[in-house]
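A short worksheet on the structure shown next.
Protein chains: 2
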Amino acid sequence: MDGGTEGPTKKRRTSWKKDPEAVKENILTIATQEFAAHGLSGANINEIASNTSTSKRMIYYYFGDKEGLYQAVLERVYSTLRENEDRLKVENLGPVEGLALLVKATFEAHAATPLFIRLVMIENIHNADYLRRSDIIPRLNRSIIDKLADVCARGKAQGLFRDSADPLELHWMISAPSFYNVANRATFSTSFGEALFTPERQERLKEHVIDMILGAVVIGYEPGTSHAV
Amino acid sequence: MDGGTEGPTKKRRTSWKKDPEAVKENILTIATQEFAAHGLSGANINEIASNTSTSKRMIYYYFGDKEGLYQAVLERVYSTLRENEDRLKVENLGPVEGLALLVKATFEAHAATPLFIRLVMIENIHNADYLRRSDIIPRLNRSIIDKLADVCARGKAQGLFRDSADPLELHWMISAPSFYNVANRATFSTSFGEALFTPERQERLKEHVIDMILGAVVIGYEPGTSHAV
DNA sequence: ATTAAAATGTACCCAAGAGTTAATTATATG
DNA sequence: CATATAATTAACTCTTGGGTACATTTTAAT
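Read top to bottom, the protein sequences are chains V and L. Residue 93 in my numbering sits at position 93 of the first sequence, and the numbers go up by one each step. Residue 69 in my numbering sits at position 69 of the second sequence, and the numbers go up by one each step.
Here it is in C-alpha cells:
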C-alpha cells in the first residue's frame with residue numbers, strides 16, 4: 001500500500017505535554033469500562049490502550065501489569081462509592097424515616113451505578129482477592145454501618161425497633177435485593193421476562209423492599225406507610 | 001528417565017473403548033468446575049483437557065469450540081437446578097407454611113450449590129447471551145413460578161395473603177437474598193468480616209428472610225412464627 | 001546552558017492457548 | 001470378513017495479547 005516514496009518518513013515524533021495525573025485518570029476511566037465489560041481475564045490491554053489518549057506503554061509505566069491496573073480500578077470505584085455514602089445524612093431524621101431513606105438510597109444507588117456492580121461481581125468471581133489485598137478496606141464501607149448503627153440505636157431507645165435489629169444484618173438485607181436487582185437482571189429477565197424492569201415495577205419493587213425491611217425491624221409496622229419514596 | 005532402550009518405541013497407541021456418553025459427561029463435569037472457577041475467558045481448555053480422562057481433541061469433537069462447551073455446561077447446570085425445584089412439593093401444605101417452605105428451600109439450595117451460583121454470576125457478566133441463545137429456557141424455571149402462583153392463589157382465596165402478592169415479585173424477593181448470600185460472600189466478608197457466615201448466623205439470616213417475605217405477604221404476620229425451620 | 005530524571009512514543013518479543021490436521025483404532029452392518 | 005463410519009490419539013499451527021527494550025522528549029534543578 002504505502003510503499004511509495006521512501007523519502008523523509010523518518011522518526012518524526014509528535015509533541016506532547018507532561019501531565020501524569022491526567023494520563024493516569026484517563027487510563028483508569030477507560031480501564032474501568034473495559035474491566036466492567038469483560039472481567040479481568042476478558043479485558044484486553046491493547047483495547048484499553050487504544051481507547052485512551054495515551055499508549056500501552058504508559059499503562060505498564062504507571063500500573064505495572066494487568067492485575068495492578070485492575071486493582072487500581074477496583075479501589076477507585078470503591079472510593080467513589082464511599083464518597084456517595086458519606087453524602088447521605090440521616091442523623092436529623094427519625095429512626096423509621098431514616099431507615100426508610102437508607103433503604104431507598106441504597107436501592108437507587110445500586111441501580112444508578114451498574115459499572116460498580118459489575119466490578120463487584122467480577123471481584124467476587126475472583127474471591128475478593130484484589131479487594132482483600134488492598135489497603136483501603138478498613139476505612140471502606142465503615143460509614144454505612146455507622147449510620148445503620150446510629151439509626152438502630154435510636155430506634156431501640158425510642159421503643160420503635162425490635163431488640164433483634166442488628167446493623168450488619170440490616171446492611172445485608174438492604175444490599176441483597178438492591179444488588180441482585182442490577183446484577184442478575186440479565187439472567188432473570190431472560191428466564192422470566194422484562195416485566196419487573198419497567199420504571200413502574202422498579203418503583204414497586206423498591207417500595208416492597210422498604211416495606212420488607214421496615215416490617216422486619218419496626219414494631220407493628222404497616223406496609224405502605226414509610227413515606228420514603 | 002525412560003530414554004533407555006530406544007528400541008520399539010514406535011507409535012504404540014494405547015487401547016481404548018468407545019464410550020461417547022461417558023466421555024461427554026466427563027468433559028462436562030470437569031469443564032463445569034473450570035468455568036465456575038475462572039469464567040469463560042479465564043477458563044483454559046488445555047487445563048480442562050488435562051483434568052479429563054480424554055483429550056483436548058475430544059472437547060472440540062463434541063462441543064465445537066470453547067463457547068459451545070461453556071453453553072453446554074450452562075444448560076446442564078440449569079437443568080439440574082430445575083430437577084431439584086421439581087422435587088419440592090407444596091401443594092399439600094397451607095399457603096403460609098408452603099410459602100415459608102419455598103423460601104427456606106430456596107435459601108438452602110443456593111447455599112448448597114455455589115458452583116451453580118458462580119456460573120450464573122458469570123453468565124450475567126456476559127449479559128446472559130448464552131442462556132438467551134439456548135433452547136432450554138421456556139421449560140426452565142417455569143415450575144418455581146407455578147408453585148408460587150399456586151400458593152399465592154390459595155393464600156388470597158383464604159383471605160390470608162395481601163391482594164398485592166405477586167408470584168414473579170415473590171420469586172424476585174426470595175431469590176435476591178438467597179443469591180446474594182452466596183454470590184457476594186467474598187466481598188461482603190472482606191469488607192465487614194465473616195460474622196454473618198457462621199452456621200448460627202446463617203440460620204438466623206434464613207429466619208429473617210422468611211420473616212421478611214411472610215411479613216410482606218401474609219396479613220398480620222408475626223415475625224418468628226413461620227415454624228418452617 | 002547543562003544535565004538528570006521523569007514521562008512518553010514506537011516497535012518489537014514471545015509465551016500461552018484456542019483450534020486443526022492427519023493418522024489410527026474401535027465397532028456396527030451387510 | 002470387508003468396509004464404512006464413529007471415536008480417538010498424537011502432534012502441530014498460528015493468532016492473540018500481555019509484556020518489554022530502547023529511543024526520545026519534556027521539565028525541573030543547578
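Even for Gly, the Cβ is constructed at its ideal location relative to N, Cα and C.
Chain-ordered chain V contacts of residue i [CB-CB under 8 angstroms]
i               : result
L196 of chain L : L168, E169, W172
V120 of chain L : N184, T187
A128 of chain L : A186, T187, S189, T190
I136 of chain L : Those within 8 angstroms of I136 of chain L in chain V number zero; the least Cβ separation is about 10 angstroms.
L115 of chain L : Within 8 angstroms Cβ-Cβ: nothing; L115 of chain L doesn't reach chain V, min ~12 angstroms.
I145 of chain L : F192
G39 of chain L  : G39, S41, G42, I125
M212 of chain L : M173, M212, I213, G215, A216
Neighbour list for residue i in chain V, Cβ cutoff strictly below 9 angstroms
i               : result
P223 of chain L : R162, S164, G215, A216
A176 of chain L : A176, P177, S178, F179, Y180, N181, N184, V209
Simplified DSSP assignment, three categories, for residue i
i               : result
V218 of chain L : strand
P223 of chain L : coil
T106 of chain L : helix
Per-residue contacts from residue i into chain L (C-beta, under 8 angstroms)
i               : result
H208 of chain V : E169, M173, A216
L102 of chain V : Correct list: empty, because the minimum Cβ distance to chain L is about 16 angstroms.
I48 of chain V  : Within 8 angstroms Cβ-Cβ: nothing; I48 of chain V doesn't reach chain L, min ~15 angstroms.
N124 of chain V : M121, A183, N184, R185, A186, T187
Residues that residue i contacts on chain L, provided the C-beta gap is smaller than 7 angstroms
i               : result
R132 of chain V : T190
N26 of chain V  : What N26 of chain V touches in chain L: nothing, since even the nearest Cβ is about 25 angstroms away.
L140 of chain V : S191
Cβ-based burial, residue i [other Cβ within 10 Å; buried from 16]
i               : result
V218 of chain L : buried
Q158 of chain L : exposed
A112 of chain V : exposed
K10 of chain L  : Because K10 of chain L carries a pLDDT of 33, less than 50, the predicted location of this residue cannot be relied on, and the following value inherits that uncertainty. Flag for K10 of chain L reads exposed.
G193 of chain L : exposed
K197 of chain V : Note on identity: in this sequence residue 197 of chain V is Phe, with Lys being the wrong assignment. Classification of F197 of chain V: exposed, given that the 10 Å Cβ count is below 16.
E34 of chain V  : buried
E85 of chain L  : buried
A49 of chain V  : buried
R185 of chain L : buried
T5 of chain L   : Low local confidence applies: a pLDDT of 29 at T5 of chain L is under 50, so the model's placement there is unreliable, and no value is given.
K18 of chain L  : exposed
G224 of chain L : exposed
A100 of chain V : buried
K89 of chain L  : exposed
R154 of chain V : buried
A195 of chain L : exposed
S191 of chain V : buried
E200 of chain V : exposed
A22 of chain L  : exposed
T29 of chain V  : exposed
E203 of chain V : exposed
S226 of chain V : buried
Closer than 9 angstroms at the beta carbon, the chain L residues around residue i
i               : result
L205 of chain V : E169, W172, M173
N84 of chain V  : Within chain L, no residue comes near N84 of chain V; the closest Cβ sits about 15 angstroms away, beyond 9 angstroms.
Contacts that residue i makes with chain V (C-beta to C-beta distance below 7 angstroms)
i               : result
G155 of chain L : Those do not exist, as G155 of chain L stays about 15 angstroms from chain V at its closest Cβ, beyond 7 angstroms.
L69 of chain L  : Ordered by position in chain V, no residue passes the 7 angstroms Cβ test against L69 of chain L, which lies about 16 angstroms from the chain.
N92 of chain L  : Those within 7 angstroms of N92 of chain L in chain V number zero; the least Cβ separation is about 26 angstroms.
Practice item. Could you say if the region 164–181 of chain V and the region 138–149 of chain V meet the contact criterion of at least three C-beta pairs nearer than 8 angstroms? Key: Taking 8 angstroms as the limit for Cβ pairs, the verdict is that the region 138–149 of chain V does touch the region 164–181 of chain V.
Check your understanding: Touch check for the region 113–124 of chain V and the region 36–43 of chain V: three-plus C-beta pairs under 8 angstroms?
Key -> Contact holds between the region 113–124 of chain V and the region 36–43 of chain V, because three or more Cβ pairs, one in each stretch, are under 8 angstroms apart.
Review point. Are three or more beta carbon pairs between the region 203–217 of chain L and the region 82–99 of chain L nearer than 8 angstroms?
Key: Counting Cβ pairs under 8 angstroms, three or more are found: they touch.
Exercise for review: Say whether the region 42–49 of chain L touches the region 101–108 of chain L, bearing in mind that this needs 3 or more beta-carbon pairs closer than 8 angstroms, one atom from each stretch.
Suggested key: Segments in contact, no.
Check your understanding: With contact counted as at least three CB pairs below 8 angstroms, one residue from each stretch, are the region 178–193 of chain V and the region 168–188 of chain L in contact?
Key -> The region 178–193 of chain V and the region 168–188 of chain L touch, with no fewer than 3 CB-CB distances between them shorter than 8 angstroms.
Review point. Which runs of the alpha helix (DSSP H) fall wholly inside the region 120–193 of chain V and span at least 4 residues, in chain order?
Key: Correct list: 129–133, 142–157, 167–183, 185–192.
Review point. Can you list, in chain order, the stretches of the alpha helix (DSSP H) that have 4 or more residues and sit fully within the region 66–100 of chain V?
Key: Counting whole runs of 4 or more residues, the region 66–100 of chain V contains the alpha helix (DSSP H) stretches 66–87.
Point to revise | Secondary structure, alpha helix (DSSP H): runs of 4+ residues fully inside the region 12–67 of chain L | key: Entirely contained in the region 12–67 of chain L, the alpha helix (DSSP H) runs reaching 4 residues are, in chain order, 20–42, 45–51, 56–63.
Check your understanding: Counting Cβ pairs closer than 8 angstroms, one from the region 122–140 of chain V and one from the region 75–91 of chain V, do we hit at least three?
Key -> Three or more pairs of CB atoms, one per stretch, sit closer than 8 angstroms, so the region 122–140 of chain V contacts the region 75–91 of chain V.
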